[in-house]
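Numbering (our numbering), first residue to last: 1 to 702. By construction, the Cβ of each residue, glycine as well, lies at the ideal position given by its N, Cα and C atoms. What you are looking at is a predicted structure, and each value in this text was computed from that prediction instead of being measured. Here is the structure we will look at.
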Ligand code: ADP
Ligand code: MG
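Shown next as structure tokens:
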């Protein structure tokens, strides 16, 4: 056989023609031998065990039998034929069935010869059978590498149509392994392999596909998982080092009048211990001479806005401008209002810039920024646009970061000669593993305390049939002077989905809560910005007792007098969304409620989500459950994160220990050899180079 290397094209493998190669490339991203070898099976089945026919029942998974075919019998009419074989060992007999490829079977299989067959037992007309079993001659099975644990690959339909089955794939992999004959370049340094008692890459790859036994398989997986996470961490941490070296940060030396004035005269309440702690952490960054890139995590209602404001005042005291960017217009406006109010009388210039800012105003704002008359610019995406130029932008705060993409972050960086400090705030707590992976290049501050006097929101699950009870409860609350949110998942009724629709809901709510006694405001995504704003104001000012809306209010809206959050068709929402919505209440001193309405029909997952909400108010705990239920790929933020989430082996919901271990190893290595120049670390440097080239967007924001 021809000698190949790991980067050779797969067409060099026997049996892979141009057409197959193309499908492999398109369907599985397999172009080289290496890609093929890293296409790991999703499970193995144990072929070291043989069953006796007398033991078989239909509950069994794939099993293996050894026996002889006693007879063939062709049944049914033409085009609907089936081939039935009686297959027996010394304990009994079963039927083997074929609906396709009948001719081939008849020509190639012999009666009374011994075969090993493999398949999932089923039942028809009270007879146990195996449909389309895999068949091997005993000598053939022993010759192959495939005696014990056998790999099962996930194979897309298109490949199956070209007869690329699990078996064909494993044959290709065997061929690849044989032609490389152990020549797979090691991807971890020797000393690490020794230290961590890992198997060499060569062996690990082979064991991943064709393990000698389950413990070898486990060892192989452990090594490759470590490696996968280790290189992400090395990459992220290295980015951070490079950034720190490349960009000196603006130094905010002093805490001046604006900050002190605000602190002593305008601050409406005592800061929580956690707020003080994170402000201290941030201040340290701002004075360090290094550019800050910090993630501020804090549960809904923990008071991140206030932290943001105080940090901005430090920037302003040092003659720098700030911008605060929010994901929605409603939220930007809300920030603008509350911040303007908090800053009253301090002489700080605050402006709002969103998509619906009129051209005329826009021009005034542009000028105000250049003239340094605007100290704080609050807005949506609109403030990233190239036309927005600052006199001296020193600090950028991004609220609800997970909604912004990498490119947008990068644009903000370019708004001053050297990049401004960046504080990213997120209200959707992120499980630690995800944070380490998504934001592994950022420093992290956590507000782990809510302002005092908050009563935890009581959450209950209610079936739709109890609606009358719900309405009378809402009436009680409204009578006591409180306000109520009612949130719907969809705006337009859909024929196929049986979800409570906002328009229907609005109608039935106004029927149950008729004017003039009640005023019901409504907000949804398809309204014009000024209509939305009008409706919001009705509620914010307390003129409407009920706010009916879609999830547009999910983020950031702050009406402390609202004490009830009713979520219709709660089964339709994800956990982080439910938690965010619940965070809209419980902001005042009164007891608040979150009521999750649902039909009786609930999937297991939906039930688990609702249960989790009822049992826990801890955002971090909820985020962990969310990660376990959905997997990292579906979590908000992962798609835009910039790290292509192509983890092949690691499950971020489960592999926390390995991740921490890999991160610590990466830190240790970079500490002693930040540039990875040591001969021992050459392998790491090379791997890193290769990997960064493969995943284009990997390099987060630098
Ligand atoms: P989030 O972290 O969700 O953005 P906000 O900044 O909107 O939270 O704050 C939630 C509410 O708590 C606001 O009404 C805010 O005024 C109030 N708040 C913030 N800090 C404190 C504090 N230290 N003491 C009392 N109330 C506070
Ligand atoms: Mg907020």
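Query: Could you tell me the distance, in whole angstroms, from the CA atom of residue 382 to the CA atom of residue 531?; Result: 20 Å
Query: Does at least one heavy atom of the ligand ADP sit under 8 Å from the Cβ of residue 300?; Result: yes
Query: Taking the continuous alpha helix (DSSP H) assigned at residue 457, which residues delimit it?; Result: Residue 457 -> no alpha helix (DSSP H), and no H or E assigned at all.
Query: Taking only the alpha-carbon atoms, compute the straight-line gap between residue 53 and residue 94 and give it to the nearest angstrom.; Result: 7 Å
Query: DSSP on residue 88, reduced to helix/strand/coil?; Result: strand
Query: At what residues does the alpha helix (DSSP H) containing residue 257 begin and finish?; Result: 257 to 261
Query: Hey, residue 605 and residue 629 are a contact pair by Cβ (cut 8 Å); roughly how many whole angstroms apart?; Result: 6 Å
Query: In three-state terms, what does DSSP make of residue 330?; Result: helix
Query: Of the residues 176, 583, 49, 107, which one's Cα is nearest the Cα of residue 11?; Result: 176
Query: Does the beta-carbon distance from residue 69 to residue 119 come in below 9 Å?; Result: no
Query: Between residue 17 and the ligand ADP, is the CB less than 8 Å from at least one heavy atom?; Result: no
Query: Compute every distance between the C-beta of residue 607 and the non-hydrogen atoms of the ligand ADP, then say whether any falls below 8 Å.; Result: no
Query: What number of angstroms, rounded off, separates the C-alpha of residue 485 from the C-alpha of residue 547?; Result: 5 Å
Query: Examine the ligand ADP and report whether any of its heavy atoms sits within less than 8 Å of the Cβ of residue 687.; Result: no
Query: Between residue 473 and residue 513, is the Cβ-Cβ spacing less than 9 Å?; Result: no
Query: With a floor of 4 residues, list each alpha helix (DSSP H) that falls wholly inside the stretch 492 to 548, ordered by position along the chain.; Result: 502 to 512, 529 to 540
Query: Need the endpoints of the beta strand (DSSP E) that residue 399 sits in, please.; Result: 393 to 399
Query: Does DSSP classify residue 145 as helix, strand or coil?; Result: Low local confidence applies: a pLDDT of 46 at residue 145 is under 50, so the model's placement there is unreliable, with the coordinate-based value given in what follows. Reduced to three states, the DSSP call for residue 145 is coil.
Query: Residue 441: buried (16+ other C-beta within 10 angstroms of its C-beta) or exposed?; Result: buried
Query: Rounded to whole angstroms, what is the Cα-Cα separation between residue 465 and residue 456?; Result: 27 Å
Query: If we call anything under 9 Å between Cβ atoms a contact, is residue 237 one with residue 609?; Result: no
Query: Leaving out the 5 sequence neighbours to the left and right, which residues in its chain are closer than 6 Å to residue 169 when beta-carbon positions are compared?; Result: 153
Query: Compare the beta carbon distance of residue 16 and residue 172 with 9 Å and say whether it is the shorter of the two.; Result: yes
Query: Cα separation between residue 422 and residue 200?; Result: 41 Å
Query: Going straight from the alpha carbon of residue 328 to that of residue 380, what length do you get?; Result: 6 Å
Query: May I have a chain-ordered list of the alpha helix (DSSP H) segments no shorter than 4 residues that lie completely inside the stretch 424 to 491?; Result: 432 to 438, 467 to 479
Query: Give every residue of the same chain whose Cβ lies closer than 7 Å to the Cβ of residue 570, excluding the five residues on either side of it in the sequence, and list them in chain order.; Result: 578, 596, 597, 598, 610
Query: Are the CB atoms of residue 224 and residue 654 within a distance shorter than 9 Å?; Result: no
Query: Tell me the rounded alpha-carbon separation between residue 244 and residue 412.; Result: 17 Å
Query: Name the residue from 535, 302, 345 whose alpha carbon lies nearest to the alpha carbon of residue 525.; Result: 535
Query: Going straight from the alpha carbon of residue 562 to that of residue 448, what length do you get?; Result: 23 Å
Query: Less than 8 Å between C-beta atoms, sequence neighbours within five positions excluded: which residues of the same chain meet that for residue 114?; Result: 66, 67, 68, 137, 138
Query: Do residue 416 and residue 345 have their beta-carbon atoms positioned less than 9 Å apart in this structure?; Result: no
Query: Tell me the rounded alpha-carbon separation between residue 353 and residue 369.; Result: 11 Å
Query: Looking at the structure shown, is residue 634 part of a helix, part of a strand, or coil, going by DSSP?; Result: Bear in mind that the predicted position of residue 634 carries a pLDDT of just 49, short of 50, making it unreliable; the figure below should be weighed with that in mind. Note: residue 634 maps to helix in three-state DSSP.
Query: Taking Cβ positions, are residue 4 and residue 179 nearer each other than 9 Å?; Result: yes
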